[in-house]
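Undergrad: Letter by letter, the sequence shown follows residues 1172 to 1506 in the numbering used here. The structure follows.
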Amino acid sequence: MTSLHGGRPAPYITVIDRDDLDKRMADAPHIESYVHRTTNSELERLAKIYNQEKAAVLGGVTDVLTQVRDLGSVVNTLDPEWAIGFASAPGGSTSSVMVAPRRPGAAIHNPIRMAVGVDELDPELSRQLLRSIGYAVPGTVIMPANVIRSVHISGGPFVAGEYPPGEVHLVTPSGAGGRGKTVELRAFQRDNTDVQIFEGTVINHSLPGPAGGTIEAAFCDGRLTLRMLLPYTVGPAHEVFGPPGVGLSYDFAATRSTSGTRKAPLAAFSICWKRPRRLRGTSITPSAIPTLITRARASRRRNAQHGPSSSPGRRTWSKSPGPDTQPGLPCCGQF
C-alpha cells in the first residue's frame, strides 16, 4: 500500500459484520435506494434478465423515447382506419389522446361520433358554434366546462365511452382548396358610380359545411381581408346555422394619403360570383365549392342589372337570377 498511495496517508479499512451493516443501512434509507440503482444491484440484474430495464428508465431519456415509440407502434394497431397518438404534459397530471384518419374515407367506414350535453349557452357562443358547424368557419370555439353536462363518444371501441365533463374545444382547421385562385371586389359610391375593381386571391381558407361554405380572400396588397359565408340555398338551413354574410377587416393605418390626411372611406361594396355552367339544379353542393372559387368573378354588367341597395349600410342577399346563375341561388351580396 505504501508504493500505491503516492505519499498521501493510507486509507483505513474496517470490516464489519452483517448485523452492523443492516443497522447502518436502516439509519440511512436514501443510501439503500441509491445502492439499489448501481450497476451491481440485484434489482437491475433482475430487470435486465426480464428485459425490463427500460421500464425503470435506467438509460435516461433514450429509454423514454424508445418506450414511446414502441408503445405508439402497438397503439396504432387498434384500428385500421384511425391513427392514434398520445402525449403527457410535464408533471404527469394531464395526458391526451389524438385520433386522426389514416385516409379520407375513414369517417365513412368507421365513423366516430361525439355527443356533448350542454346547459343553455350564451347567445354569442351559440352563434359562433352554429356558424363554425354550418359554414366551416375556421378557428376554435371554446365551450367552458361550466356549461358541459356530459361527453359521450361512440364508434371504435378504442375511444367509445362516457367521459367526464370538461372544457370542449371545437376546432375547424384552415383549408385551402382554392389557394391562389383569383376573385374580384367592386367598390362603388352611393350613386352607383364605380370607384375601383379590386383583384384578390383566396389566401388561407375555403371549406364547405352542411349549410354553406366559407372563403377568405385578401385585397389591396393584403390590407383588406374579406370572409364570405356562401350558402348552398336560401332556405330553412339559415334558421339553424344563421344567415350567410360578409366580414371585413381593414388596416386603416394604410389609408392615409401622402399629405397625412385620411382618405374618404368607400361608401359600399358589392360581392358577386358566377354560377359555374357545368353545375345543374338550384343549389350548390359541398363538392362544388372549389369550382365556385375558381370561377369567382365580378361582372359590371350583372351589377348594372342587380344594382346596390339605395339604403347605405344595409346588407341584403339578392335572389334574382342573373344570366349566369340559376334560380334560387344568391347572386349578389351587398352591404
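Note that CB positions come from ideal geometry on N, CA and C, so glycine has one too.
Between E1338, T1265, A1258, V1268, which has its C-alpha nearest V1312's C-alpha?
TA: Here residue 1312 corresponds to residue number 141 of the sequence shown, with the count starting at 1. When each option's Cα is compared against that of V1312, the closest is E1338.
Undergrad: For A1382, tell me which candidate among Y1306, R1284, Q1238 has the shortest Cα-Cα distance.
TA: To locate residue 1382, count along the sequence shown from 1; it is residue 211. Comparing Cα-Cα distances from A1382 to each of Y1306, R1284, Q1238, the minimum goes to Y1306.
Undergrad: For the beta strand (DSSP E) containing R1357, name the first residue and the last one.
TA: Working through the sequence shown from its first residue, we reach residue 1357 at position 186. That run of the beta strand (DSSP E) goes 1353-1359.
Undergrad: Let's see if you can read the secondary structure: which residues bound the beta strand (DSSP E) around Y1334?
TA: Position 163 of the sequence shown, counting from 1, holds the residue named residue 1334. Start and end: 1332-1334.
Undergrad: Give the straight-line distance between the Cα atoms of V1239 and S1264, rounded to the nearest whole angstrom.
TA: Taking the first residue of the sequence shown as position 1, residue 1239 is located at position 68. Taking the first residue of the sequence shown as position 1, residue 1264 is located at position 93. When rounded, the distance between both Cα atoms is 18 Å.
Undergrad: Pick helix, strand or coil for A1258, following the three-state DSSP scheme.
TA: Taking the sequence shown and counting its residues from 1, the one referred to as residue 1258 is at position 87. In the structure shown, A1258 sits in a strand (DSSP, three-state: E or B).
Undergrad: Do you know how far the Cα of I1304 is from the Cα of N1375?
TA: Here residue 1375 refers to the residue found at position 204 when the sequence shown is read from its first residue. Here residue 1304 refers to the residue found at position 133 when the sequence shown is read from its first residue. Their backbone Cα atoms lie some 18 Å apart in a straight line.
Undergrad: So, is V1342 buried or exposed, given that buried needs 16 or more other C-beta atoms within 10 angstroms?
TA: Numbered from 1 along the sequence shown, position 171 holds the residue referred to as residue 1342. Classification for V1342: exposed.
Undergrad: Is the beta carbon of R1284 closer than 8 Å to that of G1326?
TA: By one-based count along the sequence shown, residue 1326 stands at place 155. By one-based count along the sequence shown, residue 1284 stands at place 113. Yes, they are a contact pair.
Undergrad: Return the first residue and the last residue of the beta strand (DSSP E) that L1401 is part of.
TA: Taking the first residue of the sequence shown as position 1, residue 1401 is located at position 230. First-last of the beta strand (DSSP E) with L1401: 1395-1402.
Undergrad: Would P1309 and S1259 be called neighbours here (beta carbons separated by less than 8 Å)?
TA: The sequence position of residue 1309 within the sequence shown is 138, counting from 1. The sequence position of residue 1259 within the sequence shown is 88, counting from 1. Going by C-beta atoms, P1309 is not nearer than 8 Å to S1259.
Undergrad: Restricting to Cα atoms, I'd like to know which of D1362, I1184, T1353 is closest to S1377.
TA: Counted from its first residue, the sequence shown places residue 1377 at position 206. For S1377, the nearest C-alpha among the options comes from T1353.
Undergrad: Evaluate R1179 with the Cβ neighbour count: other Cβ atoms within 10 Å of its Cβ, from every protein chain shown; 16 or more gives buried, anything less gives exposed.
TA: Working through the sequence shown from its first residue, we reach residue 1179 at position 8. That one is exposed.
Undergrad: Give the secondary structure of R1320 by DSSP, where H, G and I count as helix, E and B as strand, and everything else as coil.
TA: As a working mapping, residue 1320 is identified with position 149 in the sequence shown. In the structure shown, R1320 sits in a strand (DSSP, three-state: E or B).
Undergrad: Suppose the cutoff is 7 Å on Cβ atoms and the five residues either side in sequence are ignored; what does the same chain contact list for V1330 look like?
TA: Along the sequence shown, read from residue 1 onward, the residue named residue 1330 stands at position 159. Excluding residues within five positions, the ones whose Cβ falls inside 7 Å are V1270, I1283, I1324.
Undergrad: Can you give me the Cβ contacts of Y1334 inside the same chain, cut-off strictly under 7 Å, excluding the 5 residues immediately before and after it?
TA: Looking up residue 1334 in the sequence shown gives position 163. Only V1322, I1324 meet the Cβ criterion.
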